[in-house]
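Peer 1: Those protein sequences? They're chains V and E, same order as listed.
For the first sequence, UniProt numbering gives the first residue as 1, with consecutive numbering after it.
For the second sequence, UniProt numbering gives the first residue as 1, with consecutive numbering after it.
Virtual Cβ for every residue (Gly too), placed ideally from N, Cα, C.
There are 2 protein chains.
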Amino acid sequence: MQELKDRIMAEGEVIGTHILKVDTFLNHQIDPAFILRMGKELAERFAGEGITRVLTVEASGIAVASAVALSLNVPVVFAKKKKASTQSAVYASQIYSFTRQETVTITVSKKFLPADDVVLIIDDFLAHGEALKGLVDIVDQSGARLAGAGIVIEKLFQQGGAALRAKGMRIETLAAIEQMEPGKIDFA
Amino acid sequence: MQELKDRIMAEGEVIGTHILKVDTFLNHQIDPAFILRMGKELAERFAGEGITRVLTVEASGIAVASAVALSLNVPVVFAKKKKASTQSAVYASQIYSFTRQETVTITVSKKFLPADDVVLIIDDFLAHGEALKGLVDIVDQSGARLAGAGIVIEKLFQQGGAALRAKGMRIETLAAIEQMEPGKIDFA
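(1) With distance defined between alpha-carbon atoms, name the residue in Ser93/E, Phe187/E, Glu3/E and Met1/E nearest to Lys133/E.
(2) Can you grab the Cα-Cα spacing for the pair Phe157/V / Leu120/E, in whole Å?
(3) At a Cβ threshold of 7 Å, is Val14/V touching chain E?
(4) With distances taken Cα to Cα, identify the nearest neighbour of Ala115/E among Leu164/E, Tyr91/E, Gln159/E and Met1/E.
(5) Is the beta carbon of Leu113/V sitting closer than 7 Å to the one on Ser88/V?
(6) In chain E, what lies closer than 7 Å to Lys40/V by C-beta?
(7) Can you find a C-beta in chain E that's less than 7 Å from the C-beta of Ser109/V?
(8) Using the rule of at least 16 other Cβ atoms within 10 Å of the residue's Cβ for burial, across every protein chain shown, is Glu181/E buried or exposed?
(9) Round the Cβ separation of Thr56/V and Ile106/V to the nearest angstrom and send it over; I've been treating them as touching at under 8 Å.
(10) Given this structure, state the Cα-to-Cα distance separating Pro32/V from Ala59/V, to the nearest angstrom.
(11) With distance defined between alpha-carbon atoms, name the residue in Val14/E, Leu72/E and Val108/E nearest to Lys80/E.
(12) Measure how close the beta-carbons of Ser66/E and Val74/E come, nearest whole angstrom, since I'm counting them as under 8 Å.
(13) Can you check whether the CB of Val152/V is closer than 7 Å to the CB of Leu174/V?
(14) Counting C-beta neighbours from all protein chains within 10 Å, is the total for Ala147/V 16 or more, i.e. buried, or is it exposed?
(15) What did DSSP end up calling Gly143/E once you bin it into helix, strand or coil?
(16) Are Gly150/E and Leu42/E close, meaning C-beta to C-beta below 7 Å?
(17) For Glu11/E, would you say it is in contact with chain V, using Cβ-to-Cβ distances shorter than 7 Å as the test?
(18) Hey, quick one: how far does the alpha helix (DSSP H) through Gln101/E stretch, first residue to last?
(19) If you draw a straight line from the alpha carbon of Asp23/E to that of Lys184/V, how long is it in whole angstroms?
(20) How many whole angstroms separate the CB atoms of Lys40/V and Ser71/V, which I take to be in contact at a CB cut-off of 8 Å?
(21) Excluding the 5 residues preceding and the 5 following Glu44/V in the sequence, name in chain order all residues of the same chain whose CB lies nearer than 8 Å to its CB.
(22) Could you tell me the alpha carbon to alpha carbon distance between Gly12/V and Ala144/E, rounded to whole angstroms?
(23) For chain E, is any of its Cβ atoms less than 7 Å away from the one on residue 208/V?
(24) Specify, as a first and last residue, the run of the beta strand (DSSP E) that Gln179/V falls within.
(25) Per DSSP, Phe46/E forms a beta bridge with which residues?
(26) Spatial neighbours of Ala63/V within its chain, please: C-beta separation below 7 Å, excluding the five flanking residues on both sides.
(27) Could you pull out every residue in the same chain whose Cβ sits closer than 6 Å to the Cβ of Val68/E, ignoring the five residues on either side in sequence?
(28) By alpha-carbon positions, which one of Arg7/E, Glu154/E and Asn27/E ends up nearest to His18/E?
(29) Strictly below 9 Å CB to CB, what residues from chain V border Gln29/E?
(30) First and last residue of the alpha helix (DSSP H) that includes Leu156/E?
(31) What's the gap between the Cα of Met9/E and the Cα of Phe187/V?
(32) Taking a contact to mean a Cβ-Cβ separation below 7 Å, would you say Glu130/E touches Ile95/E in this structure?
(33) Within this structure, are the beta carbons of Thr52/V and Asp117/V separated by less than 7 Å?
(34) Mark Ile15/V as exposed unless 16 or more other C-beta atoms lie within 10 angstroms of its C-beta, in which case mark it buried.
(35) So, using beta-carbon positions, are Asp124/V and Gly168/V closer together than 7 Å?
(36) Cβ of Glu58/E less than 7 Å from any chain V Cβ?
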């Protein structure tokens with residue numbers, strides 16, 4: 001998506017070779033009209049898949065996932081990072097955050113992920129793929145069909161996408177980065 | 001907002017006299033088209049105030065705040081609950097969560113809250129008012145003008161709104177609850 005690549009080039013801040021901050025429109029401050037356009041674009045790529053629900057994880061995935069769900073006219077469920085009080089009523093998975101260097105449990109109420117669902121996972125970033133693997137694990141537990149994942153920005157060099165695609169999973173990305181360093185970003 | 005009251009009556013789950021779960025459309029699963037209508041309604045109540053930015057706190061405030069910001073055609077910033085790496089670049093405030101019985105620090109990058117802003121705070125719930133007071137504190141630190149707050153559901157009996165209104169703050173609520181118990185919700 002050219003508009004996204006342009007904004008990453010204009011506003012993104014590369015720290016070292018692995019961290020990209022896009023907090024002017026995606027991760028801290030949100031540009032709601034732009035988020036809506038990105039949501040529409042991701043929704044269109046999965047049109048015809050019969051999606052019945054969008055799944056994301058709090059917090060920064062929520063805005064774009066809501067935009068995708070609005071376009072697809074389906075509900076969105078966001079996995080929570082705090083332990084739920086009644087564990088029997090939720091699907092749970094452990095995810096490791098390389099950014100925060102901690103493991104957190106994400107949970108989704110079973111009632112919001114019935115086995116006859118067709119689920120589209122949406123997230124803002126795909127890097128090592130830990131969050132995405134956790135969400136896939138939860139969909140697997142539910143018995144629902146996974147249509148694939150839609151990602152705003154993928155950092156290809158951190159390999160999370162490659163591992164999941166190798167298993168046959170469809171992943172659509174609006175901007176995929178081959179490599180980067182301060183002042184320079186190479187898109188795929 | 002009658003549609004919201006109807007959905008709270010139909011789908012809300014009251015636990016004891018203080019906890020209202022509305023996770024079918026607001027807190028865990030999100031109905032994006034309904035969120036958009038609620039955002040439009042809150043935006044209309046603050047039309048003419050010259051709002052330049054919407055402020056909320058992660059995670060469940062993000063969807064409705066994005067909808068309000070979309071209607072007002074301004075950006076939204078969500079306060080983060082994790083400590084930022086560079087404290088000098090952020091405004092910070094401590095908030096106590098009665099639900100989770102813990103104190104967390106919320107932060108907003110100074111660059112997203114300039115002193116000439118006119119800020120509208122948006123959140124999904126107003127109960128004891130801890131999160132709202134923390135957001136007000138951050139706006140005060142920034143020197144920006146606070147236009148007020150727009151809230152989806154207010155639990156009047158927990159008094160957070162009364163304390164802030166007594167200081168002259170404008171708070172608009174889409175559904176205000178006087179009292180409740182399982183099977184019975186009295187709206188103001």
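Peer 2: Short version:
(1) Reading the second sequence from its first residue, position 133 is the one you call residue 133/E. When only C-alpha atoms are compared, the closest one is Ser93/E.
(2) The count along the first sequence starts at 1 and reaches residue 157/V at position 157. The count along the second sequence starts at 1 and reaches residue 120/E at position 120. C-alpha separation (whole angstroms): 40 Å.
(3) By one-based count along the first sequence, residue 14/V stands at place 14. No, Val14/V lies away from the interface with chain E (no Cβ there is under 7 Å from its Cβ).
(4) Along the second sequence, read from residue 1 onward, the residue named residue 115/E stands at position 115. If we check each option's Cα against that of Ala115/E, Tyr91/E comes out closest.
(5) Taking the first sequence and counting its residues from 1, one reaches residue 113/V at position 113. Taking the first sequence and counting its residues from 1, one reaches residue 88/V at position 88. For Leu113/V and Ser88/V, no; Cβs fall outside 7 Å.
(6) Walking along the first sequence from the start, residue 40/V turns up at place 40. Near Lys40/V there are no residues of chain E at all, since even the closest Cβ is about 12 Å away, more than 7 Å.
(7) Reading the first sequence from its first residue, position 109 is the one you call residue 109/V. It does: the Cβ of Ser109/V has a partner Cβ on chain E nearer than 7 Å.
(8) Indexing the second sequence from 1 puts residue 181/E at position 181. The residue in question, Glu181/E, is exposed, as its Cβ has fewer than 16 Cβ neighbours within 10 Å.
(9) Here residue 56/V corresponds to residue number 56 of the first sequence, with the count starting at 1. Here residue 106/V corresponds to residue number 106 of the first sequence, with the count starting at 1. Not confirmed; about 10 Å, so no contact.
(10) By 1-based counting over the first sequence, the position of residue 32/V is 32. By 1-based counting over the first sequence, the position of residue 59/V is 59. The alpha-carbon atoms of Pro32/V and Ala59/V are separated by roughly 15 Å.
(11) The residue given as residue 80/E occupies position 80 in the second sequence. Checked all of Val14/E, Leu72/E and Val108/E; the closest Cα to Lys80/E is Val108/E.
(12) Taking the first residue of the second sequence as position 1, residue 66/E is located at position 66. Taking the first residue of the second sequence as position 1, residue 74/E is located at position 74. Their Cβ separation, rounded to whole angstroms, is 11 Å, which puts Ser66/E and Val74/E out of contact at 8 Å.
(13) Sequence index remark: in the first sequence, residue 174/V carries index 174 (1-based). Sequence index remark: in the first sequence, residue 152/V carries index 152 (1-based). Yes.
(14) Indexing the first sequence from 1 puts residue 147/V at position 147. Buried, since its Cβ has 16 or more Cβ neighbours within 10 Å.
(15) The residue labelled residue 143/E in the question sits at position 143 within the second sequence. Three-state result, Gly143/E: coil.
(16) Within the second sequence, residue 150/E is the residue found at index 150, counting from 1. Within the second sequence, residue 42/E is the residue found at index 42, counting from 1. Going by C-beta atoms, Gly150/E is nearer than 7 Å to Leu42/E.
(17) Your numbering for residue 11/E matches position 11 in the second sequence. With 7 Å as the cut-off, Glu11/E does not count as an interface residue toward chain V.
(18) Sequence index remark: in the second sequence, residue 101/E carries index 101 (1-based). Note, Gln101/E: premise wrong, no alpha helix (DSSP H); not H, not E.
(19) What you label residue 23/E is simply residue 23 of the second sequence in a count that begins at 1. What you label residue 184/V is simply residue 184 of the first sequence in a count that begins at 1. Whole-angstrom Cα-Cα distance: 43 Å.
(20) What you label residue 40/V is simply residue 40 of the first sequence in a count that begins at 1. What you label residue 71/V is simply residue 71 of the first sequence in a count that begins at 1. Right, the Cβ-Cβ distance comes to about 5 Å (below 8 Å), so this counts as a contact.
(21) The residue labelled residue 44/V in the question sits at position 44 within the first sequence. The answer, listed in chain order, is Ser71.
(22) Against the first sequence, residue 12/V aligns to sequence position 12. Against the second sequence, residue 144/E aligns to sequence position 144. So the two alpha carbons sit approximately 26 Å from each other.
(23) An answer regarding residue 208/V cannot be provided, because it is not within the stretch 1 to 188 covered by chain V.
(24) What you label residue 179/V is simply residue 179 of the first sequence in a count that begins at 1. Where Gln179/V is concerned, the enclosing beta strand (DSSP E) stretches over Ile171 to Glu181.
(25) In the second sequence, the residue the question calls residue 46/E occupies position 46. None; Phe46/E has no bridge partner.
(26) For this step, residue 63/V is matched to residue 63 along the first sequence. Around Ala63/V: Ile30 and Ile35.
(27) Start at 1 with the first residue of the second sequence, and residue 68/E comes out as number 68. These residues qualify, in order along the chain: Gly39, Leu42, Ala43, Val54 and Ile122.
(28) Along the second sequence, read from residue 1 onward, the residue named residue 18/E stands at position 18. Checked all of Arg7/E, Glu154/E and Asn27/E; the closest Cα to His18/E is Glu154/E.
(29) Position 29 of the second sequence, counted from the first residue, corresponds to residue 29/E. Per Cβ cutoff of 9 Å: Arg53, Pro75, Val76, Val77, Phe78, Ser109, Lys111 and Phe112.
(30) Residue numbering aside, residue 156/E sits at position 156 when the second sequence is read from its first letter. Counting along the chain, Leu156/E falls outside any alpha helix (DSSP H), and DSSP gives it neither H nor E.
(31) Locating residue 9/E in the second sequence gives position 9, counting from the first residue. Locating residue 187/V in the first sequence gives position 187, counting from the first residue. Approximately 50 Å between the Cα atoms of the pair.
(32) Residue 130/E sits at position 130 when you count from the first residue of the second sequence. Residue 95/E sits at position 95 when you count from the first residue of the second sequence. Yes, the Cβ-Cβ distance between Glu130/E and Ile95/E is below 7 Å.
(33) Taking the first sequence and counting its residues from 1, the one referred to as residue 52/V is at position 52. Taking the first sequence and counting its residues from 1, the one referred to as residue 117/V is at position 117. Contact flag set, yes.
(34) For the purposes of this step, residue 15/V is taken as residue 15 along the first sequence, with counting starting at 1. Result: exposed.
(35) Residue 124/V sits at position 124 when you count from the first residue of the first sequence. Residue 168/V sits at position 168 when you count from the first residue of the first sequence. For Asp124/V and Gly168/V, no; Cβs fall outside 7 Å.
(36) Residue numbering aside, residue 58/E sits at position 58 when the second sequence is read from its first letter. True, the Cβ-Cβ gap to chain V drops below 7 Å.
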